[in-house]
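Student:
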Amino acid sequence: MSPDKDEQVKPLALHPAMAVSPTVHPIGHSHDEEAARWWRSSQYLRKRRCFLWCCGCCGAFVVILGVVILVLALTLFKVKDPRLTMNSIHIDTVNFGFGDELNLSVNATLTADISLKNPNIASFSFDNSTTEFYYEGETVGVAYAPNGRIGSHSTVRMNVTVDVLTDQVARKVNLSLDGNSMNLTSFTDISGRVNVWGIYKRDVEILLNCSMTVDVKISNQEVKNKVCLAHVR
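Residue numbers for the sequence shown follow the numbering used here, so the first one is 9 and each next one is one higher.
Written out as structure tokens, the structure is:
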């Protein structure tokens, strides 16, 4: 036999490092993972933007609300004191007579013109009020005014009538009568409430103290030297 026939054809042996079976990877696997990561990232960014937008809106709303409350507190809800003024006071009638022990008694009817101004944008409701007149610290007459309501930036005028120098103090008046004139004082007390649309309410009390000189001459009667001072609490 020829040497060529005795020799068998043998396949070439591979190096052990080259004999590892290759791993089979699906064609679209890496692409799907990348798409999933991108979707999760976009969802997170979208939620984060929505959260920041909501926080910004809430913060802006709180700031605007605070500004509105501050403006209202400095303008609308800042209640101004109502103003009470005694515009004038005059004598309607004067009666002269003789009391006990032939002491001269003088009874006079006075009418006081009082105005109450509401400088607020809200309404002001007030209760029944009284105006007391004093002579040397003793009450000589009381006038009454009804309750009412004043609209925004409005003024109400009231005429209150009172009989002063009654017979109960006639003797005291006669003893201290100097030059047919007397010094009287008056005190007016009005309580009320400012109501701002039913949201804010404030109770106020207006006090008005006045002093005046009343001439009670038989020929002429007048009120002069009137000085008033108002106080709100």
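All C-beta atoms, glycine included, are put in the ideal place defined by N, C-alpha and C.
1) In or out: Cys62 buried (at least 16 other Cβ within 10 Å) or exposed?
2) Would you list the residues sitting across from Phe69 in a DSSP beta bridge?
3) For the segment 83-160, which segments carrying the beta strand (DSSP E) assignment without a break, of at least 3 residues, lie completely within its bounds, in sequence order?
4) According to the Cβ coordinates, are Leu216 and Leu118 closer than 7 Å?
5) Can you tell me whether DSSP reads Arg210 as helix, strand or coil?
6) Gly83: buried (16+ other C-beta within 10 angstroms of its C-beta) or exposed?
7) For my contact list, Asp197 and Thr147 are in at a C-beta cut-off of 8 Å; report their separation, rounded to the angstrom.
8) Apply the 10 Å Cβ neighbour rule to Leu185 and answer buried if 16 or more other Cβ atoms are within range, or exposed otherwise.
9) If distances are taken between C-alpha atoms only, which option among Ile129, Gly74 and Lys55 comes closest to Gly206?
10) Please name the residue or residues paired with Leu237 in a DSSP beta bridge.
Tutor: For this structure:
1) As a first step, residue 62 is located in the sequence shown; it is residue number 54 there, counting from the start. By the neighbour-count criterion, in which 16 or more other beta carbons inside 10 Å mark a residue as buried, Cys62 falls on the exposed side.
2) Here residue 69 refers to the residue found at position 61 of the sequence shown. Answer is none; Phe69 lacks a bridge partner.
3) Taking 3 residues as the shortest admissible run, the segment 83-160 contains the following complete beta strand (DSSP E) segments, listed from N- to C-terminal end: 91-106, 112-126, 131-134, 137-143, 146-153 and 156-158.
4) Taking the first residue of the sequence shown as position 1, residue 216 is located at position 208. Taking the first residue of the sequence shown as position 1, residue 118 is located at position 110. It is not a contact, given that the beta carbons lie outside the stated cut-off.
5) Sequence index remark: in the sequence shown, residue 210 carries index 202 (1-based). Correct three-state label for Arg210: strand.
6) Along the sequence shown, one-based indexing puts residue 83 at 75. As written in the sequence, residue 83 is Thr, which differs from the Gly given in the question. Under this definition Thr83 is an exposed residue.
7) If you number the sequence shown from 1, residue 197 lands on position 189. If you number the sequence shown from 1, residue 147 lands on position 139. Contact flag wrong, Cβ pair sits at about 13 Å.
8) In the sequence shown, counting from the first residue as 1, residue 185 sits at position 177. Low local confidence applies: a pLDDT of 47 at Leu185 is under 50, so the model's placement there is unreliable, with the coordinate-based value given in what follows. Counting every other CB atom within 10 Å of its CB across the protein chains shown gives Leu185 a total below 16, marking it as exposed.
9) Counting from 1 along the sequence shown, the entry for residue 206 is found at position 198. Distances from the alpha-carbon of Gly206 to those of Ile129, Gly74 and Lys55 put Ile129 closest.
10) By one-based count along the sequence shown, residue 237 stands at place 229. Asn217, per the DSSP bridge assignment.
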